[in-house]
Amino acid sequence: MNSFSRRRRLTAAALTALAVATSATACGSGSGGTGTQAADNDTYTIWDPYPQFAKGSAWVKLLDACGTEAGVKIKRTGFDTSDLANKTLLAAQQGNSPDVLIVDNPVVSTLAEAGVLTTTDDNKLDTSKVDPNLLAAGQSGGKTYGTPIGANTLALYYNKAVLKQAGVDISSVKDWETLTAALAKVKQAGKKGITFSAIGTEEGSFQFLPWLWGSGAKLTELDSPAAVSALSLWKDWLDKGYAPNSVLNNTQTTSWQEFATGDYAFSENGTWQLANAEKAGFDYGVIPVPGADGGSAAAPTGGEFVTLPVQDSTDRYATTQKIATCLTSTQNLYDTDTTLSYVAPTTEVQDKQVAGNPGLQPWVDAVKAAKGRTSDDLGTKYPKISEQMWKAVQSALSGSKSPKDALTAAQSAAK
Amino acid sequence: MTHTTQVPHRRPVPGHSGAAPTAPSGTRRRPSSQQWAAWAFLAPVTLYLVLFYAYPLYRNLDLSLRNYTVRSFVQGDAPFTGLANYRTVFDDPTFAPALLHTVVFTAVCLAFQYVIGLALAVFFNQHFRLSATLRALFLVPWLLPLIVSASTWSWMLNSESGIVNAALHAVGIGPVNWLTSPSWSLTSVIIANIWIGVPFNLVVLYSGLQSIPAGLYEAAALDGAGPWRRFWSITFPLLRPVSAITLLLGLVYTLKVFDIIWIMTKGGPADSSTTFATWSYQLGFGNLLPAFGPGAAVGNLLVIAALVFGLVYVRVQRKQESS
C-alpha cells in the first residue's frame, strides 16, 4: 500500500510538472481548425487583422462581393493583429495557409523569408500604381510580396485650446528646440505637454522612429550621436515633466486616451485616430513630426499588405489573384481606406480622398514622406533591431541606463 | 520524457478494480478478456495523455534542441543543434535577472499568499455572523478573469492617473512610478499576484481546518491553552499535509504566472519584471521574428524547476510518513 501511494505521488509530481509544461509553452499544439485547403475547390480563405469587423460589416461584404466576382465562395477569419504572424507560420507549417492573407507590413518580410508568400512575379498582381515608398515595405531581395491595402503613419495631434491658453503659436513649432520650448510654456500654464507610446513592444519602436529618423540617424547605427540625441530628447521631456511617466506603459490607444482628456497639448498618434479625434470634443490640428533641425521627419509607414500565400495546388493562384485585384481596385480601396481611416496607397485614390475630406491633406503628405520599417533592404534584420531599440528606449526612460549606454548596448546586441 | 510514458502504465490498479464491476455487461467469461477490458478502459485516458501532454512536451523538447528560423519552422528541416539553444539562453544577459526575478516572485508570492490565506482561514473558522458572506467576497479575485484583474491593477497603479498614487497624494506621499520604474515594477506585479492567490490558499486551508476535530480545541481550552498556543500546537501541525499540498500547487501556479506580468508591465521596463515565463513568451512570440528554439529552452527550464520541486515534495511527504 505504502509503495502504491508513493508511486501515486510520484505520478502526481510528474503530472504537475506536465501541467506547467503545457501551459508555459503553448507552442507545438498547433492552431485550431481554422485552416483552409483544397478539399473544397470553390471556397477561398481570407485571413485579415480586422476582428473589429463582424459579419454584415462593409468589409466582410466587400470580401464576399469580390469572391462572387471571381466565382467562388469566401471563408473569412479576422485575427488579432499580433496573433496573425504566428498563426500564419503555424498554418504554413501544416500546409494549410489561407489563399489571401492581409497582414501588417513589417511582417511581410518575415513571412517572405519563411517562404510562405508568393512574389508578384508568380501571382501576377499589378503593383504599378502603388506609391514606391509604401510598396518598399513589402519588398525584399528585389522581389515584391504583396500590395498595400492602405497606409497610415504618425504625426503630432495638438489641442488648439491648450496651446492658446499657453500662448503658443503652432506655426512657431518647426524643430525639436521650438517644440521643447512650446512644451515648457504649456507646462508653465499648468497643462500637460505631450504624450506618446514608449511601451516595450513593436508599438514603442514605431513611435520612436520618427524621432530617430528625424535626427538623421539610421536603424543600422543605433549608437550614433544622432540616435542618442533623439533618445535624449524623450528622456529630457520625461525628466522635466513635459511628458508623463506613464508613456513607458502606454500603448498608442492609452496614449490617445490621455490626449482625449483634453489636458495635453500634443499627442504623437496615427491616422487611424482621426475618427476618434472628431469625437474628442475639442478643436485639434495636425502637424508632421518635426525633424531635429526643421523640416518634417520621415515617419514609419503602418498599414497592411494584401499577400497571396504559397499553396500546394498552384492552379488556385489565378482565382486568388482576381480576388486580390478586386480588393485593391480603385473604388474598393477608397471604401476600405475610408472605413479604416487609412490613407490609400495610390495617388489616384489619395486625390479622391482629399477631395472628399480636405482635412486628410496633412496625412497624405505624411504618408508620401513616410518610410517602411523594413525598407532599405533591412527585411528580417528589422525585428531584431526593433526589439533592441524598444528595450533601449525603456531602459533610458525608466532611468536604468543613460541614453548613450542604452543605445550602445542595443547596437551591440542587434548585430 | 520517461515520466510521461509511465503515467498510463501506473494506473492499472484503479483501472483493474474499475473494470470488475462493469465486466458483467459483456466480457466476463474469459479472464484474459478482463485484461483487455481494463486496457480498453485505459485507452481513452492514455490517448488523451499522449495527445495533449506527452506530444506537446516532446515537441517542446524537440524545438529547444534544434536551430529554428522562420524558414526551417515552416519547412520542418531545422538542423539538430544539441544544447546550443540552452547555451544561448544561459549566456543571455537577461538570464541572471530573469532567474532572480522568478525566484523572488515565486518565494515572496507564496509566503504572503500562504500567511494571509492561513490567517483569513483561521479567522473565518470562528463562524461569526456574516462569515460565510465575507468568505464568499474573498473569492472574487479568484472568479475574475485574469485579464480583468490585471488590467484593473494596471489602471490603479498608473503613475499619472492611478487611484493608488491619488491616495498616496492625499496622505502627502509623492507619486510612485509603480509600473514604470525598474525598482518598483517587480513589487507591483507581486502585490497583484498575492491578491489573486490569497483566495486559493484561503479555500484550501479553510477546508483543511474543517477536518480538525473540535474536541481537540475543547480539550486544549480545558487544559488552559490560550488561542495562540492552540494555533501552534493543534492547528498548525494538523494542517501540515494540507499546507504542503497548498504550497506545492501554489508554487506551480506561481512559477508559470504570465498573464498578470505581461498585461501589467510586459516584463519591463528594461527587463526589471521579467520572469522565465514572460521571457519564454517574449522569445517565442513577443517579436516580429520569433526565436522558437531559445523560447522553448526557457520553457523547459521551467518544467524542470517544477519537477524538482515536485520531487522535493514527495521526499518531504515520505519523511513525514515514516516519522
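Residue numbers (the working numbering), protein chains in the order written: chain A, 266 to 680; chain B, 577 to 899.
Don't be surprised by glycine CBs; every beta carbon is placed ideally from N, CA and C.
Every value quoted in this text rests on a predicted model; they were computed, and no experiment measured them.
| Using 9 Å as the limit for Cβ to Cβ distance, is D667/B near chain A? | no
query: Closer than 8 Å, Cβ to any Cβ of chain A: which residues of the segment 707-737 of chain B, in chain order?
result: S730, N734, S735, E736 and S737
Checklist entry - Since I311/A is in the beta strand (DSSP E), which residue starts that stretch and which ends it? => result T308 to D313
Can you tell me whether F807/B is helix, strand or coil according to DSSP? helix
From T299/A to P316/A, what does the alpha carbon distance come to, in whole angstroms? Note on T299/A: pLDDT 42, under 50, position unreliable in the model; no value is reported.
Can you give me the C-alpha to C-alpha distance between P397/A and G403/A, rounded to a whole angstrom?
10 Å
Check F570/A in the structure and name its three-state DSSP category.
strand
(message) Is the beta carbon of G550/A closer than 9 Å to that of K425/A?
(response) yes
message = What would DSSP say about K669/A, mapped onto helix, strand or coil?
response = helix
key: Residue span of the alpha helix (DSSP H) that contains V833/B, given as start and end   = Run containing V833/B: none; DSSP gives neither H nor E here.
Q | Proximity test, Cβ basis, 9 Å: K669/A and chain B | A | no
*Determine whether the Cβ of L513/A lies closer than 9 Å to any Cβ atom of chain B.*
yes
Excluding five sequence neighbours on each side, which residues of the same chain lie with their C-beta closer than 6 Å to the C-beta of D558/A?
D440
Fill in: Residues bridged to S561/A (per DSSP)
P555/A
Is it right to say Y624/B is buried, meaning 16 or more other beta carbons lie within 10 angstroms of its own, or is it exposed? exposed
Helix, strand or coil for R705/B? Go by DSSP, reduced to three states. coil
- Using the beta-carbon of each residue, which ones in chain B are nearer than 8 Å to P509/A? S735 and E736
- Task: Closer than 6 Å by C-beta to A873/B: which residues in its own chain qualify, once you throw out the five before and the five after it? Chain order, please.
- Result: S640, N661, Y662 and V665
Inset, instruction - Determine the contact status of V373/A and G411/A, defining contact as a CB-CB distance below 9 Å. - result: yes
Between which residues of its own chain and G750/B is the CB-CB distance below 8 Å, once the five residues before and five after are set aside? L744
With Q517/A and Q586/A assumed to form a contact (beta carbons below 8 Å), what rounded beta-carbon distance in angstroms separates them?
That belief does not hold up - the Cβ atoms of Q517/A and Q586/A are roughly 34 Å apart, past 8 Å.
- Which of the three DSSP states, helix, strand or coil, is assigned to I821/B? helix
Query raised in the report: If you draw a straight line from the alpha carbon of Q618/A to that of L592/A, how long is it in whole angstroms?
Result: 17 Å
Counting only C-beta atoms, is K452/A closer than 9 Å to chain B at any point? no
| request: Could you spell out the range, first to last residue, of the beta strand (DSSP E) harbouring G860/B? | output: Unbroken run through G860/B is the alpha helix (DSSP H), F852 to F861; no beta strand (DSSP E).
**Asked** So, does the CB of L864/B fall closer than 9 Å to a CB anywhere in chain A?
**Response** yes
* Of the choices D602/A, K505/A and W476/A, whose alpha-carbon is the least far from that of V554/A? -> W476/A
Taking just the CA atoms, how far does Y423/A sit from T301/A?
Note that T301/A scores 44 on pLDDT, short of 50, meaning its location in the model is unreliable; the coordinates nonetheless yield the value given after this. Approximately 46 Å, taken between the alpha carbons.
Given V632/A as reference, the closest of Q615/A, G644/A, Y647/A and T639/A once Cα atoms are compared: Q615/A
- Message: Between G380/A and chain B, is any beta-carbon pair separated by less than 9 Å?
- Response: yes
- If you count every other CB in all the chains shown that lies within 10 Å of the CB of S856/B, and 16 or more means buried, which is it? buried
Note to self: Within a Cβ cutoff of 8 Å, which residues of the same chain sit near N753/B, ignoring the five residues on either side of it in sequence?
What the structure shows: S735 and W760
In terms of residue numbering, what span does the alpha helix (DSSP H) encompassing T601/A cover?
T595 to L605
Exercise. Please go through the segment 391-462 of chain A and give each complete alpha helix (DSSP H) segment of 4 or more residues, from N-terminal end onward.
Key: 397-400, 425-431 and 441-453
Under the assumption that T460/A contacts N515/A (Cβ atoms under 8 Å), give the Cβ distance between them as a whole number of angstroms. 7 Å
Next item on the list: For W502/A, I'd like the list of residues in its chain whose CB is within less than 8 Å of its CB, leaving aside the five on either flank, ordered along the chain.
Entry: T445, L448, G458, I459 and A508
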